[in-house]
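Trainee:
There are 2 protein chains.
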Amino acid sequence: MPTPSGPKGTRDFYPEDNALQEFIFASWRRTCHRYGFESYEGPMFESLELFTQKSGAEIEKQLYAFQDKAGRNIALRPEMTPTLARMVAARGNNLKMPLRWFSIPRLFRYEKMQKGRLREFFQLNMDILGIAEVTADAELIAASIDMMGDLGFTAEDFRVRISSRTLLEELFLAAGLPADRCEPLYALLDKKSKIPESVFAGELAGIVPGETVRDAVTKVFRLETLDEIKAMGIRLPALDSLERLFGLLTQYGLAGYVTFDIGIVRGLAYYTGIVFEIIDSKRSLRAIAGGGRYDKLVSLYGGPVTPAVGFAAGDVVLAELMKEKGIAPPHPARSDFFLIAVDNSFQEALIAFARELRHCGLACEFSLKNVTVGRQLALANAARSPYAVFIGGREEAAGMVKLKIMATGEERLIPRTGAAAALAEMIEGSPQPAAGQVT
Amino acid sequence: MPTPSGPKGTRDFYPEDNALQEFIFASWRRTCHRYGFESYEGPMFESLELFTQKSGAEIEKQLYAFQDKAGRNIALRPEMTPTLARMVAARGNNLKMPLRWFSIPRLFRYEKMQKGRLREFFQLNMDILGIAEVTADAELIAASIDMMGDLGFTAEDFRVRISSRTLLEELFLAAGLPADRCEPLYALLDKKSKIPESVFAGELAGIVPGETVRDAVTKVFRLETLDEIKAMGIRLPALDSLERLFGLLTQYGLAGYVTFDIGIVRGLAYYTGIVFEIIDSKRSLRAIAGGGRYDKLVSLYGGPVTPAVGFAAGDVVLAELMKEKGIAPPHPARSDFFLIAVDNSFQEALIAFARELRHCGLACEFSLKNVTVGRQLALANAARSPYAVFIGGREEAAGMVKLKIMATGEERLIPRTGAAAALAEMIEGSPQPAAGQVT
């Protein structure tokens with residue numbers, strides 16, 4: 280017999296767990312909608328080459344990679360951006376730029392388990408393609424901040440830390456670092472906060488053997504503000520665009536959420552400009568989201584040159600933070616109305632009433648077994664229904680049904696004729712979807 | 280360079296394609312909600328054993344099966360029911376029965392490509408667990424019919440064809456068939472309509488060698504109505520429950536949608552009672568959905584005895600039928616309002632207005648490049664925005680903005696102060712989600 284749990288690093292979402300997932304996804308969709316983003320999706324697996332081509336053969340270690348029955352090398356997708364770039368490349372110049380695209384992909388990484396990391400997880404991906412200007416970076420970062428606000432987080436909970444790969448490169452070159460040493464240095468910097476200082480120093484000495492340059496490079500890491508960099512008085516074109524970005528974010532009213540942080544480099548190799556992370560204020564090591572500009576990826580996959588900027592936010596850390604902060608919503612009611620038969624007329628009257636309620640778009644259910652009224656009330660509680668409707672008995676003879684508000688115990692009589700419409704109006708506060716139920 | 284398309288049998292969902300997917304999923308969720316169903320999810324892959332245990336080693340041929348880096352045999356899920364049964368079994372008696380659970384899983388089958396079949400697809404799964412009575416079968420079939428109605432289908436488009444494995448077994452045994460021949464006969468019957476008559480006859484002779492029994496069994500296949508079966512005058516307990524099911528569906532007002540069809544057996548081995556299919560009226564070979572009762576599956580996975588009934592409907596056939604019938608919705612607007620700068624004040628005024636609109640829950644965007652008004656209007660059309668808002672120029676001096684209805688060209692002046700709230704009220708017909716945007 281298989282183990283009752285699923286594979287290691289995966290999750291079973293029972294309804295109470297899945298309610299939180301759906302809350303997060305719905306909130307993500309609302310944010311994207313307000314910013315004019317449209318959703319796309321791609322295959323859950325891609326050719327292995329799509330990932331190794333971008334990130335090197337090294338990446339395969341972290342992938343669920345396998346051969347299909349025809350011997351093709353495929354891999355479960357570890358991130359969405361390669362698929363996005365492939366899809367954009369495939370349509371060539373037939374897509375009307377700019378694109379504002381989002382997706383909520385399910386992703387897979389074969390990696391060591393740790394808090395906030397699983398082998399199977401979801402992400403929100405938002406990308407703007409076709410705009411080289413920093414206005415797109417600003418719009419995207421604004422959306423990422425509103426994404427946090429939509430979930431219930433405030434300025435106390437998180438910060439967006441922003442840097443620029445280009446600025447870092449300009450500073451490193453000015454410090455005398457050979458151009459081919461920049462890439463390995465980004466990779467080292469990205470893990471700086473996760474490794475002991477001695478390990479960092481050792482690896483740094485490997486990448487930058489000369490002491491003079493190493494000292495100059497180390498000074499770059501310590502730069503704290505854009506003003507400090509400006510005061511260096513050297514020509515740094517990337518500094519202008521970073522300053523313009525902060526200016527735009529001030530126009531968005533978001534200056535209080537963003538900070539320059541030269542330590543932000545992002546692990547992925549494909550970033551070409553501004554990079555940013557949303558970081559939990561309390562435990563500054565947990566990245567909630569990360570993103571940046573990647574102007575060369577679409578052309579790498581054979582598409583036209585397409586400037587692009589995007590970010591991804593994972594569900595695992597967000598859900599944990601929401602629970603810690605107490606903003607995870609309670610498990611919602613399974614149905615608005617639980618119908619209760621007070622005599623043996625039982626099924627037929629309940630079915631008829633349920634048809635009417637459902638036709639009005641209301642959620643309802645009833646016991647599928649002929650049990651006592653007390654047992655039916657217990658089922659109504661188990662379904663977390665805010666209302667019970669008693670059908671039959673004396674009330675029926677008087678042409679009425681009895682509504683009970685479960686939280687207070689308050690009862691009210693409602694004429695049976697037109698009852699569904701009356702109940703729909705009663706809970707109109709939470710508008711119901713139009714029902715296309717057959718009649 | 281990898282091919283620009285994804286792996287064989289998978290789909291890329293560009294926004295116009297994904298809009299239809301999301302329309303279908305949202306419709307499915309509304310149906311489920313009205314019937315008091317709660318959503319659950321599970322891992323995208325499971326141990327291979329979870330599938331082979333239920334369906335035999337044979338199933339592996341149709342699976343994406345592979346080993347993970349620790350040598351575990353895993354498979355991408357080809358259906359959701361094994362995961363559902365595993366999850367219910369894992370919680371043992373801690374789940375409050377009955378469960379009304381739904382899921383919209385993404386599934387994978389390595390099979391030959393044909394119309395309506397892909398290697399990667401989505402399904403709606405609805406299941407009621409914990410009710411042995413046929414009332415659950417009726418509630419579930421009613422939900423499946425409303426699912427069709429919610430998508431825009433009518434009684435002309437489809438039919439629910441219902442039979443009972445138990446009834447078939449009782450009839451076969453009465454015809455003299457040995458009990459151990461029933462299973463292979465179900466499998467043969469399930470493919471009857473898909474294979475030539477001569478092949479069918481040959482396989483039938485293999486399963487039922489004796490001519491007398493074979494003739495009697497063949498007569499069973501030809502039974503067309505419940506009345507005809509009743510007239511046989513033999514003891515058939517399953518007939519009573521099937522008649523009760525049709526009686527209940529009449530109470531639901533759905534008699535016009537359902538037909539008894541002894542030819543419905545369903546391919547899966549785990550069904551134990553009533554089975555049904557929703558079949559496209561025009562081309563009677565295309566099953567839109569299929570389901571039935573499976574009372575033994577949860578205990579097979581080590582859980583308590585749990586009666587269960589469920590169905591699954593696939594997205595591929597449904598989307599095709601919707602397109603054929605012309606009920607697939609048009610590609611919705613990317614945003615409600617496209618903001619247009621009429622002078623060089625450009626970005627700042629647009630950003631401020633966008634913040635206000637988005638704060639009211641409205642979807643809006645603007646050009647991220649400083650381009651002419653004509654080009655901005657072209658972008659508004661590309662975004663399919665029903666409204667453009669012109670900001671700046673003479674109107675701004677007068678404290679106004681100009682609203683343009685894109686479809687008619689009609690223009691209207693609106694006071695800049697309070698404009699966002701006024702526009703929100705204007706399109707209130709389609710209520711907007713409350714925005715939790717940070718301020």
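First to last, the sequence lines map onto chains A and Y. Under the numbering used here, the residues of the first sequence are numbered 280 to 718, in order. Under the numbering used here, the residues of the second sequence are numbered 280 to 718, in order. All C-beta atoms in this analysis are idealised placements derived from N, C-alpha and C, irrespective of residue type, glycine included.
1. Apart from the five residues just before and just after Y/Lys674, which ones in its own chain have a Cβ nearer than 7 Å to its Cβ?
2. Pull up the distance between the alpha-carbon of A/Phe400 and that of A/Arg572, whole angstroms please.
3. Report back the beta-carbon spacing between A/Thr696 and A/Gly678 to the nearest angstrom; my notes put them in contact at under 8 Å.
4. Is there at least one Cβ from chain Y nearer than 8 Å to A/Leu397's Cβ?
5. Return the first residue and the last residue of the alpha helix (DSSP H) that Y/Cys461 is part of.
6. Looking only at its chain, what residues have a beta carbon closer than 8 Å to the beta carbon of Y/Phe316, apart from the 5 residues adjacent to it on each side?
7. Is DSSP giving A/Ile338 helix, strand or coil here?
8. Between A/Glu599 and chain Y, is the shortest Cβ-Cβ distance under 8 Å, so that the two count as touching?
9. So, at 8 Å on beta carbons, what are the nonlocal neighbours of Y/Ala454 in its own chain, with the 5 sequence-adjacent residues on each side left out?
10. Among residues of its own chain, excluding the 5 on either side of Y/Val577, which ones have a beta-carbon nearer than 8 Å to its beta-carbon?
11. Give, in chain order, every unbroken run of the beta strand (DSSP E) that is at least 3 residues long and sits entirely within the region 359-396 of chain Y.
12. Note the first and the last residue of the continuous alpha helix (DSSP H) segment covering Y/Leu597.
13. Taking 8 Å as the cut-off, does the region 326-333 of chain A touch the region 413-433 of chain Y (at least 3 CB pairs, one atom from each stretch)?
14. Do the region 508-520 of chain A and the region 472-480 of chain A make contact, defined as three or more Cβ pairs closer than 8 Å?
15. Could you work out which residue in A/Lys683, A/Asn649, A/Leu647 and A/Asp459 is closest to A/Ser664 when comparing CA atoms only?
16. Under a three-way DSSP split, which group does A/Ile558 fall into?
17. Is the region 538-549 of chain A in contact with the region 333-352 of chain A, if contact means three or more CB pairs nearer than 8 Å?
18. Would DSSP call Y/Lys498 helix, strand or coil?
19. Classify Y/Glu507 as helix, strand or coil using the three-state DSSP reduction.
20. Decide if A/Asn297 is buried, meaning its Cβ has at least 16 other Cβ atoms within 10 Å, or exposed.
21. DSSP state of A/Gln711, grouped into three classes?
22. Would you list the residues sitting across from Y/Gln626 in a DSSP beta bridge?
23. Spell out whether any CB of chain Y is found under 8 Å from the CB atom of A/Lys375.
24. Could you check where the alpha helix (DSSP H) with A/Glu399 kicks off and where it finishes?
25. How long is the line joining the alpha carbons of A/Tyr666 and Y/Gly371, rounded to whole angstroms?
26. Taking Y/Gly569 as the reference, which of Y/Ala592, Y/Leu579 and Y/Thr362 has the closest Cα?
27. State yes or no: is the beta carbon of A/Leu726 nearer than 8 Å to at least one beta carbon in chain Y?
28. From Y/Glu603, Y/Leu641, Y/Leu521 and Y/Glu358, pick the residue whose C-alpha is nearest to that of Y/Ile420; which is it?
29. Which of the three DSSP states, helix, strand or coil, is assigned to A/Leu618?
30. Just to confirm the assignment, what range does the beta strand (DSSP E) spanning Y/Pro694 have?
31. Kindly identify the DSSP beta-bridge partner or partners of Y/Thr538.
32. Roughly how many angstroms lie between the CA atoms of A/Pro357 and A/Asp347, to the nearest whole one?
33. What's the C-alpha gap between Y/Gly285 and Y/Leu342?
34. Under three-state DSSP, which class holds Y/Met222?
35. From A/Gly481 to A/Tyr389, what does the alpha carbon distance come to, in whole angstroms?
36. Output the distance between the C-alpha atoms of A/Lys575 and A/Lys391, rounded to the nearest integer angstrom.
Mentor: Working from what's here:
1. Locating residue 674 of chain Y in the second sequence gives position 395, where the first residue counts as 1. First, the residue type needs correcting, since residue 674 of chain Y is Glu and not Lys in the sequence shown. So the list reads Val680, Lys681 and Leu692, once near-sequence residues are dropped.
2. Residue numbering aside, residue 400 of chain A sits at position 121 when the first sequence is read from its first letter. Residue numbering aside, residue 572 of chain A sits at position 293 when the first sequence is read from its first letter. Distance between the alpha carbons of A/Phe400 and A/Arg572: 23 Å.
3. Translated into the one-based positions of the first sequence, residue 696 of chain A becomes position 417. Translated into the one-based positions of the first sequence, residue 678 of chain A becomes position 399. 7 Å between Cβ atoms; contact.
4. Numbered from 1 along the first sequence, position 118 holds the residue referred to as residue 397 of chain A. Judged by the 8 Å Cβ criterion, A/Leu397 is not in contact with chain Y.
5. Your numbering for residue 461 of chain Y matches position 182 in the second sequence. Segment Cys461 to Asp469, the alpha helix (DSSP H) holding Y/Cys461.
6. Translated into positions along the second sequence, residue 316 of chain Y becomes position 37. Contacts found: Arg379, Trp380, Phe381, Met405 and Ala422.
7. On the first sequence, residue 338 of chain A is found 59 positions in, with the first residue counted as 1. Looking at A/Ile338 - three-state DSSP - the assignment turns out to be helix.
8. Along the first sequence, one-based indexing puts residue 599 of chain A at 320. No, A/Glu599 does not count as interfacial toward chain Y.
9. Along the second sequence, one-based indexing puts residue 454 of chain Y at 175. Result list for Y/Ala454: Val492, Ala495, Val496, Lys498 and Val499, in chain order.
10. Locating residue 577 of chain Y in the second sequence gives position 298, where the first residue counts as 1. Closer than 8 Å at the Cβ level, and outside the excluded window around Y/Val577, lie Ala364, Val367, Ala368, Leu408, Pro583, Val584, Thr585 and Ala587.
11. 378-382 and 385-387
12. The sequence position of residue 597 of chain Y within the second sequence is 318, counting from 1. According to the DSSP assignment, Y/Leu597 belongs to the alpha helix (DSSP H) that extends over Asp594 to Lys604.
13. Taking one beta carbon from each stretch, the region 413-433 of chain Y and the region 326-333 of chain A have fewer than 3 pairs nearer than 8 Å; the two do not touch.
14. Result no; under three Cβ-Cβ pairs closer than 8 Å.
15. Taking the first residue of the first sequence as 1, we reach residue 664 of chain A at position 385. Among A/Lys683, A/Asn649, A/Leu647 and A/Asp459, the Cα nearest to that of A/Ser664 belongs to A/Lys683.
16. Here residue 558 of chain A refers to the residue found at position 279 when the first sequence is read from its first residue. Looking at A/Ile558 - three-state DSSP - the assignment turns out to be strand.
17. yes
18. Your numbering for residue 498 of chain Y matches position 219 in the second sequence. Three-state result, Y/Lys498: helix.
19. Looking up residue 507 of chain Y in the second sequence gives position 228. Residue state, collapsed to three classes: helix.
20. Residue mapping note: residue 297 of chain A aligns to position 18 of the first sequence, counting from 1. Label assigned to A/Asn297: buried.
21. On the first sequence, position 432 is the one that residue 711 of chain A refers to. Per-residue confidence for A/Gln711 stands at a pLDDT of 44, beneath the threshold of 50, marking its modelled position as unreliable; no derived number is given.
22. On the second sequence, position 347 is the one that residue 626 of chain Y refers to. Paired residues: none, contrary to the question.
23. The residue labelled residue 375 of chain A in the question sits at position 96 within the first sequence. By this cut-off, A/Lys375 is an interface position.
24. For the purposes of this step, residue 399 of chain A is taken as residue 120 along the first sequence, with counting starting at 1. Looking at the DSSP string, A/Glu399 is not in any alpha helix (DSSP H); the run it does join, the beta strand (DSSP E), is Glu399 to Leu408.
25. Reading the first sequence from its first residue, position 387 is the one you call residue 666 of chain A. Reading the second sequence from its first residue, position 92 is the one you call residue 371 of chain Y. Using only the alpha carbons, I get a separation of about 29 Å.
26. The residue you call residue 569 of chain Y lines up with position 290 of the second sequence. The residue with the shortest Cα to Cα distance from Y/Gly569 is Y/Ala592.
27. This structure does not reach residue 726 of chain A, given that chain A is present from 280 up to 718, and the question cannot be answered.
28. Counted from its first residue, the second sequence places residue 420 of chain Y at position 141. Measuring from the Cα of Y/Ile420, the nearest candidate turns out to be Y/Leu521.
29. Looking up residue 618 of chain A in the first sequence gives position 339. Looking at A/Leu618 - three-state DSSP - the assignment turns out to be strand.
30. Along the second sequence, one-based indexing puts residue 694 of chain Y at 415. Where Y/Pro694 is concerned, the enclosing beta strand (DSSP E) stretches over Glu690 to Pro694.
31. Here residue 538 of chain Y is taken as the residue at index 259 of the second sequence, counted from 1. Beta-bridge pairing links Y/Thr538 to Y/Arg440.
32. To locate residue 357 of chain A, count along the first sequence from 1; it is residue 78. To locate residue 347 of chain A, count along the first sequence from 1; it is residue 68. So the alpha carbons of these two residues sit roughly 18 Å apart.
33. Looking up residue 285 of chain Y in the second sequence gives position 6. Looking up residue 342 of chain Y in the second sequence gives position 63. Those two C-alpha atoms are separated by around 19 Å.
34. Chain Y is shown from 280 up to 718; residue 222 of chain Y falls before or after that span and cannot be answered.
35. As a position in the first sequence, residue 481 of chain A is number 202, starting the count at 1. As a position in the first sequence, residue 389 of chain A is number 110, starting the count at 1. Approximately 28 Å, taken between the alpha carbons.
36. As a first step, residue 575 of chain A must be located in the first sequence, where it is residue number 296. As a first step, residue 391 of chain A must be located in the first sequence, where it is residue number 112. Answer to the nearest angstrom: the Cα atoms are 31 Å apart.
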